[in-house]
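Encoded as structure tokens, the structure appears first; notes follow it.
Numbering (my numbering), first residue to last: 323 to 812.
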């Protein structure tokens, strides 16, 4: 079959193949949103939603400029050449739909740039929203304290340089842009975090304020400006989106289209947004499964503590059993029962009367088992130390404080410890791998040293709880001495 390049010029031919393409003229759209971090999730979620909105309403006020501040050679080499177009394939367990997404109209690669290009992009008066998906570790937050890690080399860099060298961190870039826009008389933008983090908007606002206090000490006016004028809405985002594989590229080629950066996701999608914006927003509320609310926190707690934590609970035992795919792991009764037990154990920590938790759990398990997605266990293991604090520790703290049974979450911690001890580094991609593997291998030999793990991952509150520490030590002994099949039974 003859294969054509994905490009603006070929959209008519692609539409003739029966593939849905943008109904709007992309050059007519205002460049009003800058999104930092053009990973698969953003392109399957926020960009997809905006594409649908423009298709439905022909609104020309909004489009996305993609901004990359981390090295991403594949996107750098391919995305702009495709005129910032890409295919999205959405798959249920029985069918799939492939279409072309066009809501990203420009792409700025500043992953290794020293010219200030990223900062210049955020200085445009047309920009009303800066959104970002940079993953948990991309915020340079010390998870033990919740504070900005002011000792991180890239944060140190960003506090010293901004014009001659582009800021290297999202927090630094946004902080400098807010300051320089204010000084130039350019209206403020909204900062919208779309990563899986508790109270993500409030978290990012706090980090920006901490950065600004160090960047420009004594500038009370700038602090007050950020507090009063710059909105940081909380959001809850949900769509399982695996890494791109050659199988996804081949699927798109089967239609006669060459797309080097295709995206594949499940058919489920949800977005809950705190309706708090500095200079307006797209009319997302007319779209299916988008909710604009006053308080996002209850929604995000349920999602983080059931779906994201469910993935976390599954990942280490599946890897230890040498299972590569999420759906395969969930079809192992021992593992699916363990995940179900974990979900049940954290139910007391969930907000009450918001939704039917049993139905939500059933839906999550069904999504995990979707063979068409076939998500990779290795993806779930990525940046596990950051995910651990975000997905597990909040619910665990509630259970401990209110004297609920927390033995299953403690088993999840023990499995993580065994994972860092026994799983090879190539499988666990984590910036803290070298630090944690030493601690965890020590516990394999001497479980009485379990405090060393708690100290560097969970903090003083857990370290001071004698009951928790005793149970964790006993559980670590069990995870290293028992057969995994015995240990996983709850």
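We put the beta carbon where it would ideally sit given N, CA and C, even for glycine.
Residue i and residue j closer than 8 angstroms at C-beta
{"i": "residue 493", "j": "residue 552", "result": "no"}
{"i": "residue 697", "j": "residue 584", "result": "no"}
{"i": "residue 405", "j": "residue 329", "result": "yes"}
{"i": "residue 472", "j": "residue 536", "result": "yes"}
{"i": "residue 636", "j": "residue 657", "result": "yes"}
{"i": "residue 728", "j": "residue 722", "result": "yes"}
{"i": "residue 613", "j": "residue 366", "result": "no"}
{"i": "residue 731", "j": "residue 621", "result": "no"}
{"i": "residue 776", "j": "residue 757", "result": "no"}
{"i": "residue 752", "j": "residue 706", "result": "yes"}
{"i": "residue 631", "j": "residue 415", "result": "no"}
{"i": "residue 670", "j": "residue 724", "result": "yes"}
{"i": "residue 597", "j": "residue 616", "result": "yes"}
{"i": "residue 690", "j": "residue 648", "result": "yes"}
{"i": "residue 333", "j": "residue 343", "result": "yes"}
{"i": "residue 710", "j": "residue 738", "result": "yes"}
{"i": "residue 797", "j": "residue 736", "result": "yes"}
{"i": "residue 355", "j": "residue 451", "result": "yes"}
{"i": "residue 646", "j": "residue 699", "result": "yes"}
Separation of residue j from residue i, as counted between CA atoms
{"i": "residue 519", "j": "residue 652", "result": "25 angstroms"}
{"i": "residue 787", "j": "residue 593", "result": "37 angstroms"}
{"i": "residue 441", "j": "residue 434", "result": "13 angstroms"}
{"i": "residue 412", "j": "residue 540", "result": "50 angstroms"}
{"i": "residue 556", "j": "residue 804", "result": "43 angstroms"}
{"i": "residue 516", "j": "residue 554", "result": "11 angstroms"}
{"i": "residue 813", "j": "residue 561", "result": "A query on residue 813 cannot be resolved here, the shown segment of the chain reaching from 323 to 812 and no further."}
{"i": "residue 337", "j": "residue 345", "result": "10 angstroms"}
{"i": "residue 808", "j": "residue 464", "result": "35 angstroms"}
{"i": "residue 380", "j": "residue 364", "result": "21 angstroms"}
{"i": "residue 538", "j": "residue 331", "result": "48 angstroms"}
{"i": "residue 659", "j": "residue 679", "result": "17 angstroms"}
{"i": "residue 431", "j": "residue 501", "result": "22 angstroms"}
{"i": "residue 610", "j": "residue 418", "result": "18 angstroms"}
{"i": "residue 437", "j": "residue 407", "result": "26 angstroms"}
{"i": "residue 504", "j": "residue 497", "result": "11 angstroms"}
{"i": "residue 810", "j": "residue 793", "result": "16 angstroms"}
{"i": "residue 403", "j": "residue 582", "result": "10 angstroms"}
{"i": "residue 482", "j": "residue 573", "result": "47 angstroms"}
{"i": "residue 688", "j": "residue 542", "result": "51 angstroms"}
{"i": "residue 439", "j": "residue 608", "result": "35 angstroms"}
{"i": "residue 368", "j": "residue 357", "result": "9 angstroms"}
{"i": "residue 661", "j": "residue 644", "result": "17 angstroms"}
{"i": "residue 468", "j": "residue 654", "result": "37 angstroms"}
{"i": "residue 370", "j": "residue 789", "result": "47 angstroms"}
8 angstroms contact criterion, which residue i and residue j should meet: CB distance rounded
{"i": "residue 511", "j": "residue 385", "result": "In fact, because the Cβ distance is near 15 angstroms, the residues do not count as touching under 8 angstroms."}
{"i": "residue 619", "j": "residue 521", "result": "6 angstroms"}
{"i": "residue 639", "j": "residue 444", "result": "The pair is not a contact, with the Cβ atoms about 43 angstroms apart (cut-off 8 angstroms)."}
{"i": "residue 470", "j": "residue 462", "result": "6 angstroms"}
{"i": "residue 740", "j": "residue 801", "result": "5 angstroms"}
{"i": "residue 774", "j": "residue 795", "result": "Contact doesn't hold; Cβ gap of about 12 angstroms is too wide."}
{"i": "residue 375", "j": "residue 568", "result": "That belief does not hold up - the Cβ atoms of residue 375 and residue 568 are roughly 32 angstroms apart, past 8 angstroms."}
{"i": "residue 791", "j": "residue 715", "result": "So it is not a contact: roughly 15 angstroms between Cβ atoms."}
{"i": "residue 335", "j": "residue 326", "result": "6 angstroms"}
Residues near residue i by beta carbon distance below 8 angstroms, same chain, minus five either side
{"i": "residue 341", "result": "409, 420, 421, 422, 577 and 579"}
{"i": "residue 677", "result": "624"}
{"i": "residue 799", "result": "769"}
CB contact check: residue i to chain B, cutoff 8 angstroms
{"i": "residue 681", "result": "Structure shown: chain B not included; a single protein chain is present."}
Close-in-space but distant-in-sequence residues of the same chain around residue i (CB under 7 angstroms, 5 per side omitted)
{"i": "residue 682", "result": "624 and 628"}
{"i": "residue 352", "result": "382, 383, 384, 385 and 448"}
{"i": "residue 362", "result": "563, 565, 566 and 585"}
{"i": "residue 531", "result": "545 and 548"}
{"i": "residue 499", "result": "441, 444 and 445"}
{"i": "residue 480", "result": "489, 490, 491 and 494"}
{"i": "residue 373", "result": "344, 423, 424 and 425"}
{"i": "residue 529", "result": "461, 463, 470 and 493"}
{"i": "residue 524", "result": "554 and 556"}
Contact set for residue i: own chain, Cβ-Cβ below 6 angstroms, skip 5 residues either direction
{"i": "residue 750", "result": "703"}
{"i": "residue 743", "result": "762, 763 and 766"}
{"i": "residue 708", "result": "458 and 459"}
{"i": "residue 668", "result": "627 and 717"}
{"i": "residue 633", "result": "702"}
{"i": "residue 754", "result": "707"}
{"i": "residue 558", "result": "594, 618, 621, 622 and 625"}
{"i": "residue 359", "result": "454, 455 and 456"}
{"i": "residue 398", "result": "431"}
{"i": "residue 812", "result": "663 and 730"}
Distance cut-off 7 angstroms: residue i Cβ against heavy atoms of the ligand MN
{"i": "residue 670", "result": "Within the structure as shown, the ligand MN is missing, as the structure has no ligands at all."}
At least three beta-carbon pairs within less than 8 angstroms, the region 375 to 393 to the region 469 to 479: no
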